[in-house]
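All remarks here apply to the structure that follows.
Shown next as structure tokens:
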């Protein structure tokens, strides 16, 4: 589909993806409720057995060599509709593992395809979490998570599925230990009267949550086009994802 920047389809029954003739990708990994209970406010909650499907390294055949050379990877994720107890459908909070080739915990660029999302992020996964943001985004909007920040992707539309794509480092890896030690991230999203409200996680020091809408990341050269199409147009555009040092000055005092 042209809206995605590459030829693929998203399915809800069952959760997953199918690819066009010039696109390749893996069978999706399914994250079950039992697998993510340790990151939830209520680990004993009820919800969809299959919470989300994730496929990493989706690409057009002709782009594979260029992506490998640039250490870039494109991932796609789709969530089930519904709730996890009184929480919305959401990913596990995590920090990106430091990549050996760059020595950085890589950033990540999200693009929402279907539904509404909240990209929650905090500077540190420590008792003092630093600045905390919840970025509310809809179809076509982009959200950039800077290097080293703890983050999670949350559905802001419980009655419909959420689907998004993301540019990642090819050596991607997730660190969950610090988040789980704090029983989650610093703020829990809760569903109340079909709206998202926020509850502070008492395992962190008190702080403030800033709820914002996406901005234009002009300093990174990001445009309004689908992010995969932006790579096709300019394969060097997202080099700051796999080589964050190229944008070191832009990460200082970063505001999403």
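In full-length UniProt numbering, the protein residues as written are 1 to 256.
Glycine included, C-beta positions come from ideal geometry on N, C-alpha and C.
Ranges of the alpha helix (DSSP H) found wholly within the stretch 6-91, counting only runs of at least 4: Runs of alpha helix (DSSP H) with 4 or more residues, each lying fully within the stretch 6-91, are found at 33-36, 64-70, listed in chain order.
From the DSSP output, in three-state form, read off residue 236 for me. In this structure, DSSP gives residue 236 a state outside helix and strand, which the three-state scheme calls coil.
Residue 178: first and last residue of the uninterrupted beta strand (DSSP E) it sits in: Counting along the chain, residue 178 falls outside any beta strand (DSSP E), though it belongs to the alpha helix (DSSP H) covering 177-181.
Selected residue, minimal CA-CA separation from residue 137, among 213, 7, 25: Nearest of 213, 7, 25 to residue 137, Cα basis: 213.
Would you mind working out which of 176, 61, 87 sits nearest residue 124, comparing C-alpha positions? When only C-alpha atoms are compared, the closest one is 176.
Start and end of the beta strand (DSSP E) containing residue 155? Membership of residue 155 in the beta strand (DSSP E) is indicated by the continuous run 150-155.
Can you pull the DSSP bridge partners for residue 137? According to DSSP, which records beta bridges pairwise, residue 137 is partnered with 117.
If we count Cβ pairs, one from each stretch, closer than 8 Å, do we get three or more for the stretch 147-154 versus the stretch 90-106? Taking 8 Å as the limit for Cβ pairs, the verdict is that the stretch 90-106 does touch the stretch 147-154.
Touch check for the stretch 181-198 and the stretch 33-44: three-plus C-beta pairs under 8 Å? By the C-beta criterion, the stretch 181-198 is judged to be in contact with the stretch 33-44, since at least 3 inter-stretch pairs fall below 8 Å.
Does residue 167 have its Cβ less than 8 Å from a Cβ in chain C? Here there is only one protein chain, and chain C is not present.
Could you check where the alpha helix (DSSP H) with residue 248 kicks off and where it finishes? Boundaries of the alpha helix (DSSP H) around residue 248: 248-251.
Best match in 55, 229, 126 for proximity to residue 203 [C-alpha to C-alpha]: Of 55, 229, 126, the residue nearest in Cα terms is 126.
Counting pairs of beta carbons, one from the stretch 66-84 and one from the stretch 157-171, are three or more of them closer than 8 Å? Counting Cβ pairs under 8 Å, three or more are found: they touch.
So is residue 32 buried or exposed if we call it buried at 16+ other beta carbons inside 10 Å? Counting of Cβ neighbours within 10 angstroms places residue 32 among the exposed residues, the total staying below 16.
Check residue 111 in the structure and name its three-state DSSP category. Residue 111: strand per DSSP, three-state reduction.
Assess, as a yes-or-no matter, whether the stretch 20-29 is touched by the stretch 54-61 under the definition of 3 or more beta carbon pairs within less than 8 Å. Touching, yes, given that three or more Cβ pairs across the two stretches are closer than 8 Å.
Which value, in whole angstroms, describes the spacing of the CA atoms of residue 23 and residue 145? Cα-Cα distance, rounded: 26 Å.
So, residue 109 versus residue 59, is the Cβ gap smaller than 8 Å? No, these two residues do not count as a Cβ contact at 8 Å.
To the nearest angstrom, how far is it from the Cα of residue 2 to the Cα of residue 173? Caution is warranted here: a pLDDT of 44 is assigned to residue 2, below 50, making its placement in the model unreliable, and the coordinate value is therefore given only provisionally. Straight-line Cα distance between these residues: approximately 29 Å.
Pick helix, strand or coil for residue 2, following the three-state DSSP scheme. With a pLDDT of 44 at residue 2, under the threshold of 50, the modelled position of that residue is not reliable, and no figure is offered here.
Determine the DSSP secondary structure at residue 241, reduced to helix, strand or coil. Residue 241 falls in the helix class under three-state DSSP.
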